[in-house]
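Chemist:
Numbering (my numbering), first residue to last: 6 to 246.
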């Protein structure tokens, strides 16, 4: 039976797994709600569902649009659904530019440092290069990933299988690592675990208890931990045995 420590590379989702994107989105919507006196009108879940609906729809329509531009593009539609006044172009841009400021989960950076002792660590993210660069230099404290692959590099967004095919080709060419040695490590069932299974890639579910988005009725995973810190603990324990 395959063990957690048998893999050579972790392919990470970032926003939702390493970065608390739900809090980031809620914080980024605050100026819109505040300006329209609606800060108490919607639950966190309702706001995130509206956001996710427009995000997923726009990603299908414009798979080659950078993530920050995509967020700016959907901001007026989100405002309309929230019965707010149409936002200005500056408001839309500020919403799109918020991505790099979304906070990391408190266990993330320490867990990455520990996991890096056992695996190659690769980013497979739905954002653009500039947004990730801002995230990496800020909330992720300049963590040195072994490779960074964004939707902008690929020209499509997860859950498209193209993104996973691109990642597998990249890590094979760069590190000589085969699909069987890759573990997709992510929170979102929708963006990561369901497509990973279709690709025949093993996966580790970082649940992030309380997460509203990315969940599916069918929960797919080979390993499951509440936090990335818990995963790092399990890896270290296996190595010691």
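Note that CB positions come from ideal geometry on N, CA and C, so glycine has one too.
Everything numeric in this text was worked out from a predicted model, so none of it was measured.
Are there 16 or more other CB atoms within 10 angstroms of the CB of residue 139, so buried, or fewer, so exposed?
Modeler: Per the 10 Å Cβ criterion, buried.
Chemist: Assuming contact is defined by CB atoms lying nearer than 8 Å, are residue 143 and residue 68 in contact in what I supplied?
Modeler: The answer is no: Cβ separation not under 8 Å.
Chemist: Under 8 Å between the Cβ atoms of residue 218 and residue 57?
Modeler: Yes.
Chemist: To the nearest angstrom, report how far apart residue 125 and residue 224 are at their CA atoms.
Modeler: Taking the straight line joining both Cα atoms gives about 26 Å.
Chemist: Given residue 27, which residues of its chain have a CB within under 7 Å of its CB, disregarding the five upstream and five downstream residues?
Modeler: Cβ within range, chain order: 53, 216, 217, 218.
Chemist: What's the gap between the Cα of residue 48 and the Cα of residue 245?
Modeler: Approximately 45 Å, taken between the alpha carbons.
Chemist: If you follow the alpha helix (DSSP H) that residue 39 is in, where does it begin and where does it stop?
Modeler: That run of the alpha helix (DSSP H) goes 26-40.
Chemist: With distances taken Cα to Cα, identify the nearest neighbour of residue 164 among 198, 97, 8.
Modeler: Looking at the Cα atoms, 198 is the closest of the given residues.
Chemist: Got a sec? Which residues, its chain only, sit under 8 Å from residue 247 by beta carbon, not counting five neighbours each side?
Modeler: Residue numbering for the chain in the displayed model covers 6 to 246; residue 247 lies beyond these limits and cannot be assessed.
Chemist: Run through DSSP, which three-state label would residue 130 get?
Modeler: Strand.
Chemist: Ignoring anything shorter than 4 residues, give me the alpha helix (DSSP H) runs that lie fully in the region 37-124, in order along the chain.
Modeler: Here the runs fully enclosed are 49-66, 72-86, 94-102, 113-120.
Chemist: Looking at the structure shown, is residue 161 part of a helix, part of a strand, or coil, going by DSSP?
Modeler: Three-state result, residue 161: coil.
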